[in-house]
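Protein chains in written order, with this note's numbering: chain A, 2 to 297; chain B, 92 to 280.
Just so you know, even glycine gets a beta-carbon here, dropped at the ideal spot from N, CA and C.
These figures come from a predicted structure and were not determined experimentally.
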């Protein structure tokens with residue numbers, strides 16, 4: 002199985018452990034990735050907040066490159082890239098006048114022949130939970146995982162949705178296949194504060210704090226995420242939330258692919274467990290899933 | 092909270108202009124308030140999302156374009172997904188931000204900071220084709236005048252190797268600069 006691959010800017014930077022773990026997990030499942038040539042940033046929120054055409058144009062550059070490479074799909078890991086590319090691509094596919102205008106702007110001849118996929122849907126629907134279960138070497142037995150989807154992965158216009166709007170289950174299914182116990186909790190799709198980090202830090206502390214607190218109150222050992230911004234907000238601001246709430250939280254925030262890498266017993270540089278602020282090693286060692294010595 | 096209408100200018104063409112720009116039927120909103128009930132940032136705001144809609148319906152252009160809600164909207168789209176008549180409210184917020192920028196409406200302080208962040212982000216994309224997180228943070232801190240923003244988090248970023256110092260750069264930056272310029276010409280900003 003082969004997919005076009007769009008890593009996205011965060012996965013080259015602060016979310017590198019998402020890229021390392023996702024690529025290693027896919028390789029372990031026999032999936033081949035071909036990176037989209039000279040891909041550009043999706044523009045995330047700043048593009049669509051300030052321009053009508055820019056977000057579509059940036060999507061078009063990636064899609065046109067993939068089409069030229071003969072790729073039928075683009076696999077994304079970051080929830081924001083997925084949301085932007087999929088919506089931009091959909092707009093072009095359904096509006097010939099827009100497609101023509103964008104082609105002129107970006108100096109391309111895109112025909113709309115590429116499908117945008119998210120890693121979680123690829124794992125569950127293309128590879129399948131049975132194949133994933135078969136690859137597990139160290140079942141995450143006894144590990145209670147709160148799967149946090151955030152906003153952008155699920156909140157799409159109806160024809161583009163890959164999962165339930167208010168109670169998605171893709172990541173929960175993956176965690177169950179890996180032997181973990183997904184937590185039934187109500188804040189799966191609450192907002193973490195997103196890009197308000199720099200401009201309104203206090204809002205991010207309030208929102209991300211309430212998500213982590215709810216996960217803890219529902220019995221979670223660990224949070225699993227699919228978005229680099231969610232990861233940064235929940236992890237980096239957790240100590241601020243603890244001061245604000247006056248209670249200790251201590252919930253590590255890992256990408257769901259890092260937990261799959263642990264379950265597949267992949268190498269330490271695929272698991273990247275030493276990247277978070279809230280240390281995941283104690284709880285994973287307690288469940289007998291890792292040997293802490295490897296990470297020292 | 093009461094909204095004082097006395098002495099306000101009503102712009103009858105404003106509603107139609109917003110509806111056309113965002114391709115949404117804003118006039119159909121019957122003020123159920125579900126958008127505001129699900130809005131994550133509303134708690135920190137003076138104006139709720141459904142009130143922004145009402146301002147647009149009434150043609151209160153100045154009020155709609157100068158309030159901080161349109162800038163502090165996190166773009167989570169909870170409002171859009173929960174609207175019983177399917178108004179894409181997040182898209183209307185995009186439209187109002189673009190109109191406010193285009194018309195040079197003075198921004199509230201938080202709005203100016205969000206806008207500075209957007210610009211710093213897009214400057215990096217225009218320059219390198221990709222987002223450089225270091226360039227973004229540096230440029231934001233200088234341009235917003237809040238030089239210490241997230242500086243306490245910096246040691247962690249460096250220690251954990253979370254950010255690369257050298258920005259990744261695409262090959263066809265010349266084409267990308269032309270794309271940005273063409274869009275600016277079309278959208279007139």
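Just grab the DSSP bridge partners of residue i for me.
i, result
"residue 116 of chain A", "A/74"
"residue 5 of chain A", "A/35 and A/75"
"residue 256 of chain A", "A/226"
"residue 182 of chain A", "A/145"
Thinking just about the alpha-carbon of each residue, which of the options is nearest to the one in residue i?
i, options, result
"residue 277 of chain B", "A/103, A/201 and A/272", "A/103"
"residue 143 of chain A", "A/221, A/214, A/87 and A/75", "A/221"
"residue 196 of chain B", "B/121, B/129, B/147 and B/155", "B/155"
"residue 126 of chain A", "A/164, A/91 and A/94", "A/164"
"residue 95 of chain B", "B/215, B/220, B/145 and B/261", "B/145"
"residue 18 of chain A", "A/152, A/277 and A/49", "A/277"
"residue 279 of chain B", "B/189, B/170, B/201 and B/214", "B/189"
"residue 217 of chain A", "A/29, A/251, A/268 and A/174", "A/251"
"residue 228 of chain B", "B/220, B/218, B/219 and B/208", "B/208"
"residue 169 of chain B", "B/263, B/140, B/259 and B/223", "B/140"
"residue 160 of chain A", "A/95, A/244 and A/248", "A/95"
"residue 262 of chain B", "A/27, A/12 and A/37", "A/37"
"residue 236 of chain A", "A/149, A/90, A/132 and A/187", "A/149"
"residue 13 of chain A", "A/41, A/28 and A/27", "A/41"
"residue 269 of chain B", "A/97, A/105 and A/27", "A/105"
"residue 110 of chain B", "B/235, B/171, B/147 and B/267", "B/147"
"residue 8 of chain A", "A/75, A/170 and A/292", "A/75"
"residue 39 of chain A", "A/223, A/270 and A/10", "A/10"
Using beta-carbon positions only, say whether residue i and residue j come within less than 8 Å of one another.
i, j, result
"residue 165 of chain B", "residue 192 of chain A", "yes"
"residue 108 of chain B", "residue 153 of chain B", "no"
"residue 162 of chain B", "residue 225 of chain B", "no"
"residue 81 of chain A", "residue 45 of chain A", "yes"
"residue 113 of chain B", "residue 173 of chain B", "no"
"residue 228 of chain A", "residue 154 of chain A", "yes"
"residue 62 of chain A", "residue 115 of chain A", "no"
"residue 204 of chain A", "residue 132 of chain B", "yes"
"residue 57 of chain A", "residue 99 of chain A", "yes"
"residue 33 of chain A", "residue 69 of chain A", "no"
"residue 183 of chain B", "residue 117 of chain B", "yes"
"residue 226 of chain A", "residue 254 of chain A", "yes"
"residue 265 of chain A", "residue 175 of chain A", "no"
"residue 146 of chain A", "residue 122 of chain A", "no"
"residue 213 of chain B", "residue 77 of chain A", "no"
"residue 168 of chain A", "residue 189 of chain A", "yes"
"residue 180 of chain B", "residue 150 of chain B", "no"
"residue 29 of chain A", "residue 135 of chain A", "no"
"residue 124 of chain A", "residue 133 of chain A", "yes"
"residue 111 of chain A", "residue 64 of chain A", "yes"
"residue 186 of chain A", "residue 231 of chain A", "no"
"residue 54 of chain A", "residue 257 of chain B", "no"
Residue i versus chain B: which residues are under 8 Å apart at the beta carbon?
i, result
"residue 44 of chain A", "213 and 216"
"residue 77 of chain A", "The premise fails here: residue 77 of chain A is roughly 15 Å from chain B at the closest Cβ pair, so nothing lies under 8 Å."
"residue 41 of chain A", "216, 220, 221, 261 and 267"
"residue 20 of chain A", "The contacting residues do not exist; residue 20 of chain A stays about 12 Å from chain B at best."
"residue 58 of chain A", "270 and 274"
My understanding is that residue i touches residue j, with C-beta atoms under 8 Å, so please give their C-beta distance in whole angstroms.
i, j, result
"residue 206 of chain A", "residue 242 of chain A", "6 Å"
"residue 272 of chain A", "residue 22 of chain A", "6 Å"
"residue 234 of chain A", "residue 211 of chain A", "With 8 Å as the limit, residue 234 of chain A and residue 211 of chain A do not qualify as a contact, their Cβ atoms being about 12 Å apart."
"residue 178 of chain B", "residue 119 of chain B", "7 Å"
"residue 260 of chain A", "residue 179 of chain A", "6 Å"
"residue 303 of chain A", "residue 240 of chain A", "What is shown of chain A runs 2 to 297, which leaves residue 303 of chain A out entirely."
"residue 196 of chain A", "residue 167 of chain B", "With 8 Å as the limit, residue 196 of chain A and residue 167 of chain B do not qualify as a contact, their Cβ atoms being about 10 Å apart."
"residue 201 of chain A", "residue 194 of chain B", "Contact doesn't hold; Cβ gap of about 24 Å is too wide."
"residue 199 of chain A", "residue 121 of chain B", "Between residue 121 of chain B and residue 199 of chain A the Cβ distance is about 36 Å, and since that is not below 8 Å, they are no contact."
"residue 35 of chain A", "residue 86 of chain A", "16 Å between Cβ atoms; not a contact."
"residue 134 of chain B", "residue 199 of chain B", "Rounded, the Cβ-Cβ distance is 17 Å, inconsistent with contact."
"residue 48 of chain A", "residue 267 of chain A", "Not really, about 35 Å apart at Cβ, beyond 8 Å."
List the residues of chain A whose Cβ lies closer than 9 Å to the Cβ of residue i, in chain order.
i, result
"residue 189 of chain B", "50, 51, 52 and 53"
"residue 194 of chain B", "Per Cβ cutoff of 9 Å: no residues; residue 194 of chain B is ~14 Å from chain A at best."
Going along chain B in order, which residues have a C-beta closer than 7 Å to the C-beta of residue i?
i, result
"residue 108 of chain A", "266"
"residue 261 of chain A", "Going along chain B, no residue has its Cβ under 7 Å from residue 261 of chain A, so there is no contact; the nearest lies around 21 Å."
Could you work out which residues of chain A lie near residue i, taking near to mean beta carbons separated by less than 8 Å?
i, result
"residue 144 of chain B", "Chain A residues near residue 144 of chain B: none, gap ~18 Å exceeds 8 Å."
"residue 126 of chain B", "Neighbours of residue 126 of chain B on chain A: none; closest Cβ ~13 Å, over 8 Å."
"residue 231 of chain B", "199"
Using a Cβ-Cβ distance cut-off of 8 Å, determine whether residue i contacts chain D.
i, result
"residue 72 of chain A", "Here chain D cannot be found, since the structure's protein chains are A and B."
Can you name the residues of chain A whose CB is closer than 7 Å to the CB of residue i?
i, result
"residue 277 of chain B", "54"
"residue 166 of chain B", "46, 50 and 195"
"residue 178 of chain B", "Going along chain A, no residue has its Cβ under 7 Å from residue 178 of chain B, so there is no contact; the nearest lies around 12 Å."
Hey, is residue i close to the ligand ATP, as in C-beta under 7 Å from one of its heavy atoms?
i, result
"residue 257 of chain B", "Of ligands this structure carries none, so the ligand ATP is not represented either."
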